[in-house]
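J.: Each residue of the sequence shown is one higher than the last, beginning at 2 in this note's numbering.
Don't be surprised by glycine CBs; every beta carbon is placed ideally from N, CA and C.
The model shown is predicted, which means the values in this text are computed figures rather than measured ones.
Please find one structure pasted underneath; my questions will follow.
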Amino acid sequence: MIKLISLDLDGTLLDPQGRITESSKKAIAKARAAGVRVVLNTGRPAPEALWFAQEAGLDEVNACLGGAALVERTGGRTTSRRDIPEPSARRVLELCLGREIELMIFAGDEILMDPFSQASLERTYPYPAFHNAARAVADPIAYMESRGLPLTKLHGDWNPGRYPLEELAALPGVALTSSNPHDFEVVAQGVDKGRSLGQLAGLYGVPLAECAAVGDSGNDLAMLRAAGLPIAMGNASQAVKEAAARTAPSNGQEGVAWAILSCLE
């Protein structure tokens, strides 16, 4: 019997227009009324994760930043976080800044952007919860060092031909992943959504065998492999579908509502 359902956000809980549908909200409410925990396990930062968790009516503690942090929906307190170790953290920034890459820099509880990224994200990323929390700084490395801020995650997008992926992959203590075919993400080695699912399951007292996970992209694979019931979205990559026990309709066809309700049967 499934007692906890872990949901990815982009391409999964969100429809192609970036919204949570009423059918998804009703399915989540039905699951929670039946005593099933429903949580978010997303690559997005805490302000966005908590905004969507509140809108969807999810449980209290959710995972964000690709599994690097657990946060409480009420009050936004971070209960667990794993940062990229130094000196690799500084080297990640040195390799990525100044390349005309659209960067989101997640520095502990702060979100930073260099001026190029700010201008780009204002055009390409229409989420107020992000922009209201983010800060543009001329020199992110100096800003972080002056305040003793760690690097928890780096998200890069927009300009794949300039990504320093080989150099990043060679750094000790870091891991590379992606949430779509044209981006990259850097986190601490050992951080992934499977690890955060294990943390959430332990927190809620649910064995992993009684957890379901729903996702669509490469950074969801660890979560699907950790769960007793892995579910791929219809819009998922082939690798994700091959790792799943069942495939839901796409996120444009109420796939999450179908996936959640299928766990209650």
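(1) In this structure, how does DSSP classify GLU216 when only helix, strand and coil are distinguished?
(2) Report yes if the C-beta distance between ALA329 and LEU152 is below 7 angstroms; otherwise report no.
(3) Rounded to the nearest angstrom, how far is the Cβ of ASP217 from that of ALA237, given a contact under 8 angstroms?
(4) Starting from THR125, follow the alpha helix (DSSP H) in both directions and report where the run begins and ends.
(5) Give me, in chain order, the residues of the same chain whose beta-carbon lies closer than 8 angstroms to that of LYS242; leave out the 5 immediate sequence neighbours on both sides.
(6) What is the DSSP secondary structure of MET234, reduced to helix, strand or coil?
(7) For MET105, which residues does DSSP report across the bridge?
(8) Spell out the partners DSSP gives SER251 in its beta bridges.
(9) Return the CA-CA distance between ASN63 and GLY203, expressed in angstroms with no decimal places.
(10) Under 7 angstroms between C-beta atoms, does PRO48 make it to chain C?
(11) Please work out which residues of its chain come closer than 7 angstroms, Cβ to Cβ, to ALA228, disregarding the five sequence neighbours upstream and downstream, and give them in chain order.
(12) For a quick check, are the C-beta atoms of ARG33 and VAL39 less than 7 angstroms apart?
(13) Taking only the alpha-carbon atoms, compute the straight-line gap between LEU201 and GLY195 and give it to the nearest angstrom.
(14) Assign ILE3 to one of three DSSP states: helix, strand, or coil.
(15) Could you work out which residue in ARG148, ARG78, PRO88 and GLU186 is closest to PRO165 when comparing CA atoms only?
(16) Alpha carbon to alpha carbon, how far is SER179 from ASN220? Give it in angstroms, no decimals.
(17) Here's the rule I'm using: 16 or more other beta-carbon atoms within 10 Å means buried, otherwise exposed. How should ASN133 be labelled?
(18) If GLY77 sits next to LEU51, beta carbons under 8 angstroms apart, how far is it from one beta carbon to the other, in whole angstroms?
(19) Counting pairs of beta carbons, one from the stretch 248-261 and one from the stretch 9-18, are three or more of them closer than 8 angstroms?
(20) Using the C-alpha atoms, what's the distance from LEU71 back to LEU5?
(21) Pull up the distance between the alpha-carbon of ASP9 and that of PRO17, whole angstroms please.
(22) Taking 7 angstroms as the threshold (C-beta atoms), are ASN160 and PRO101 in contact?
(23) Output the boundary residues of the beta strand (DSSP E) element that contains CYS65.
(24) Could you tell me if THR75 is buried or exposed, where buried requires 16 or more neighbouring beta carbons within 10 angstroms of its beta carbon?
(25) Which stretch, first to last residue, makes up the alpha helix (DSSP H) that contains LEU265?
(26) State yes or no: is the C-beta of ILE29 within less than 7 angstroms of the C-beta of ALA57?
(27) Helix, strand or coil for THR22, going by three-state DSSP, please let me know.
(28) Measure from the alpha carbon of THR95 to the alpha carbon of each residue in LEU172, ILE261 and MET2, then state which is nearest.
T.: In brief:
(1) In the sequence as displayed, the identity of residue 216 is Gly instead of Glu. Here GLY216 sits in strand by DSSP.
(2) There is simply no residue 329 to check, as the chain begins at 2 and stops at 266 in what is shown.
(3) 4 angstroms
(4) For THR125, the enclosing alpha helix (DSSP H) starts and ends at 116-125.
(5) Closer than 8 angstroms at Cβ, skipping near neighbours: ALA233 and THR248.
(6) coil
(7) Note: MET105 sits in a beta bridge opposite HIS156.
(8) Its beta-bridge partners do not exist; DSSP assigns none.
(9) Using only the alpha carbons, I get a separation of about 13 angstroms.
(10) Judged by its chain identifiers, the structure shown contains no chain C, having just a single protein chain.
(11) A distance below 7 angstroms between beta-carbons, with the five flanking residues on each side excluded, links ALA228 to the following residues of its chain, in chain order: SER7, LEU198, LEU209, CYS212, ALA213 and ALA214.
(12) yes
(13) C-alpha separation (whole angstroms): 10 angstroms.
(14) Here DSSP, grouped into helix, strand and coil, assigns ILE3 to coil.
(15) GLU186
(16) 6 angstroms
(17) exposed
(18) At roughly 6 angstroms, the Cβ-Cβ gap stays under 8 angstroms, so GLY77 and LEU51 are in contact.
(19) Judged by Cβ distances under 8 angstroms, the stretch 248-261 makes contact with the stretch 9-18, as three or more pairs qualify.
(20) 16 angstroms
(21) 14 angstroms
(22) In the sequence as presented, Pro is not what sits at residue 101; that position holds Glu. Yes, they are a contact pair.
(23) 62-65
(24) exposed
(25) Neither: LEU265 is in no alpha helix (DSSP H) and is coded neither H nor E.
(26) yes
(27) coil
(28) In the sequence as presented, Thr is not what sits at residue 95; that position holds Glu. That would be LEU172, whose Cα lies nearest to the Cα of GLU95.
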